[in-house]
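Participant:
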Amino acid sequence: MSTAIIDRLDRSGHGFHHELVDYPNAGHRVSIPPAMPLTEEAIAGTGGTVSANDAAREDAWERTLAFLAHASA
49 MSTAIIDRLD RSGHGFHHEL VDYPNAGHRV SIPPAMPLTE EAIAGTGGTV
99 SANDAAREDA WERTLAFLAH ASA
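If you count the sequence shown from 1, you need to add 48 to reach my numbering.
1) Under the rule that 16 or more other beta-carbon atoms within 10 Å means buried, what is Asp-102, buried or exposed?
2) DSSP has Ala-121 in a bridge; who is on the other side?
3) Roughly how many whole angstroms lie between the Cα atoms of Met-49 and Glu-67?
4) Please state if the CB of Arg-105 and the CB of Val-78 are separated by a distance shorter than 7 Å.
5) Count the other CB atoms within 10 Å of the CB of Leu-113; is the residue buried (16 or more) or exposed (fewer)?
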């Protein structure tokens, strides 16, 4: 779905910066801040591996903080 959204933004000439960041072997738990490590139970049914989701959450969190810092400057 993310690829379809980025493609639509590109086709529409959307003026704001956007990028697709792909985290191989990560599922839908990427959006949760990395305060606590995930468990197999926590990702059941959401895809990916625990280690991939944890790594993706760390990176996504840093990217989110950087975006917010830049947007509020």
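No residue lacks a Cβ here, since even glycine has one placed at the ideal position from N, Cα and C. Computed from a predicted model, the values in this text were never measured in an experiment.
Facilitator: According to the data block:
1) For the purposes of this step, residue 102 is identified with residue 54 of the sequence shown, where counting begins at 1. By the neighbour-count rule (16 or more Cβ atoms within 10 Å), Asp-102 is buried.
2) As a working note, residue 121 is residue 73 in the sequence shown. DSSP lists no partner for Ala-121.
3) The count along the sequence shown starts at 1 and reaches residue 49 at position 1. The count along the sequence shown starts at 1 and reaches residue 67 at position 19. Whole-angstrom Cα-Cα distance: 14 Å.
4) In the sequence shown, residue 78 corresponds to position 30, counting from 1. In the sequence shown, residue 105 corresponds to position 57, counting from 1. Yes; because the gap between Cβ atoms is below 7 Å, this pair is in contact.
5) As a first step, residue 113 must be located in the sequence shown, where it is residue number 65. When all chains shown are included, Leu-113 counts as exposed.
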